[in-house]
Amino acid sequence: MHTHLFRFVTRWELPHDLTTVWNSVGLVTQYPQWWPGVRKADLLAGTELPVSVGTKVHFVIASPLYTLDYTTTTVDFVTGEYIAVKAEGDLHGTGKWVFEHTPDETIAIFTWEVSLTPLLLREVSHIPFARSVMGFFHGRLMARGEKALRLRLMRQISKDAQIQVAGEYIENLHYRGAMNNIQVPNPGEVASESDA
37 MHTHLFRFVT RWELPHDLTT VWNSVGLVTQ YPQWWPGVRK ADLLAGTELP VSVGTKVHFV
97 IASPLYTLDY TTTTVDFVTG EYIAVKAEGD LHGTGKWVFE HTPDETIAIF TWEVSLTPLL
157 LREVSHIPFA RSVMGFFHGR LMARGEKALR LRLMRQISKD AQIQVAGEYI ENLHYRGAMN
217 NIQVPNPGEV ASESDA
């Protein structure tokens, strides 16, 4: 293995259904809204959802010491199982999301096998200490992403629950209003009408 090649494996454990997690990972242009460190994610070709082969996305990823600018292209996928991409630009190599679902959670495993193309970063990537620092920044980026996605999905569940409660409250008001508009005859009036 070349010393400039990096291989990272990250495991996210999210207490949500597979469809929710798949859609969150698939909607790449929304990453900058919730994922700290993802500065840009612009769709250049193809579609996000449904995932499609040939989809191209331009990323700008910021770390405390350097910024990475690269493009990913989706090369293969099976809905609900995995998404495979190739990377070109400051990063060159492959990435793959693999999804596993249990009754309680969805596990998303991301494997990144890439080398750095910027000359300075490529040169220092041979130095063990520098490699450790780069690995730390990647781990930090991914950990912050998992934490942020957990928070985003919890807020979405809370928002959906509030909408449901509000909807039930409005339906209840409509029901009560309808009941208030029903004219119930006075027993005395019913008696007088029958006497007539």
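The working numbering applies: residue 37 is where the sequence shown begins, and numbers increase by one.
Note that beta-carbon positions come from the ideal geometry of N, C-alpha and C, so glycine has one too.
Return helix, strand or coil for residue 162, following the three-state DSSP convention. Walking along the sequence shown from the start, residue 162 turns up at place 126. Looking at residue 162 - three-state DSSP - the assignment turns out to be coil, as it is neither helix nor strand.
Would you mind sorting residue 43 into buried or exposed? The rule is 16 or more other CB atoms within 10 Å of its CB. Looking up residue 43 in the sequence shown gives position 7. It is exposed - the Cβ of residue 43 has fewer than 16 other Cβ atoms within 10 Å.
Does the region 145-155 come into contact with the region 70-87, if we say contact requires no fewer than three beta-carbon pairs (one atom in each stretch) closer than 8 angstroms? no
If you reduce the DSSP assignment to three classes, tell me which class residue 102 lands in. In the sequence shown, residue 102 corresponds to position 66, counting from 1. Coil.
On the three-state DSSP scale, how would you describe residue 85? Indexing the sequence shown from 1 puts residue 85 at position 49. Coil at residue 85, not helix or strand.
DSSP three-state label for residue 58, please. Along the sequence shown, one-based indexing puts residue 58 at 22. It is helical.
Do residue 128 and residue 107 have their beta-carbon atoms positioned less than 8 angstroms apart in this structure? Working through the sequence shown from its first residue, we reach residue 107 at position 71. Working through the sequence shown from its first residue, we reach residue 128 at position 92. No; because the gap between Cβ atoms is not below 8 angstroms, this pair is not in contact.
Where residue 70 sits in the DSSP three-state scheme: Counting from one through the sequence shown, the residue named residue 70 turns up at place 34. It is helical.
Pairwise C-alpha distance: residue 84 and residue 158: One-based indexing of the sequence shown puts residue 158 at position 122. One-based indexing of the sequence shown puts residue 84 at position 48. Residue 158 and residue 84: Cα-Cα distance of roughly 31 angstroms.
Using 8 angstroms as the threshold, is the region 117-127 in touch with the region 171-188, meaning 3 or more CB pairs across them? no
Taking just the CA atoms, how far does residue 41 sit from residue 167? Along the sequence shown, read from residue 1 onward, the residue named residue 167 stands at position 131. Along the sequence shown, read from residue 1 onward, the residue named residue 41 stands at position 5. Using only the alpha carbons, I get a separation of about 10 angstroms.
Among 91, 105, 135, 171, whose alpha-carbon lies nearest the alpha-carbon of residue 56? Walking along the sequence shown from the start, residue 56 turns up at place 20. Checked all of 91, 105, 135, 171; the closest Cα to residue 56 is 135.
Just curious, the beta strand (DSSP E) that residue 129 is in, first and last residue? Within the sequence shown, residue 129 is the residue found at index 93, counting from 1. That run of the beta strand (DSSP E) goes 127-137.
Within 10 Å of its beta-carbon, does residue 77 have 16 or more other beta-carbons around it, so buried, or fewer, so exposed? Locating residue 77 in the sequence shown gives position 41, counting from the first residue. By the neighbour-count rule (16 or more Cβ atoms within 10 Å), residue 77 is buried.
Do you know how far the Cα of residue 119 is from the Cα of residue 54? Within the sequence shown, numbered from 1, the residue matching residue 54 stands at position 18. Within the sequence shown, numbered from 1, the residue matching residue 119 stands at position 83. Whole-angstrom Cα-Cα distance: 14 angstroms.
I need the straight-line Cα distance from residue 79 to residue 87, nearest angstrom please. Against the sequence shown, residue 79 aligns to sequence position 43. Against the sequence shown, residue 87 aligns to sequence position 51. Going by the C-alpha atoms only, they are around 12 angstroms apart.
Look at the alpha carbon of residue 102 and the alpha carbon of residue 65, and state the distance between them as a whole number of angstroms. Working through the sequence shown from its first residue, we reach residue 102 at position 66. Working through the sequence shown from its first residue, we reach residue 65 at position 29. The alpha-carbon atoms of residue 102 and residue 65 are separated by roughly 22 angstroms.
Output yes or no for whether 8 angstroms exceeds the beta carbon distance between residue 189 and residue 50. On the sequence shown, residue 189 is found 153 positions in, with the first residue counted as 1. On the sequence shown, residue 50 is found 14 positions in, with the first residue counted as 1. Yes, they are a contact pair.
Looking at the structure shown, is residue 182 part of a helix, part of a strand, or coil, going by DSSP? Taking the sequence shown and counting its residues from 1, the one referred to as residue 182 is at position 146. Correct three-state label for residue 182: helix.
What first and last residue would you give for the beta strand (DSSP E) that runs through residue 142? Position 106 of the sequence shown holds residue 142. That run of the beta strand (DSSP E) goes 142-152.
Measuring alpha carbon to alpha carbon, tell me which residue in 163, 173, 117 is nearest residue 142. On the sequence shown, position 106 is the one that residue 142 refers to. If we check each option's Cα against that of residue 142, 117 comes out closest.
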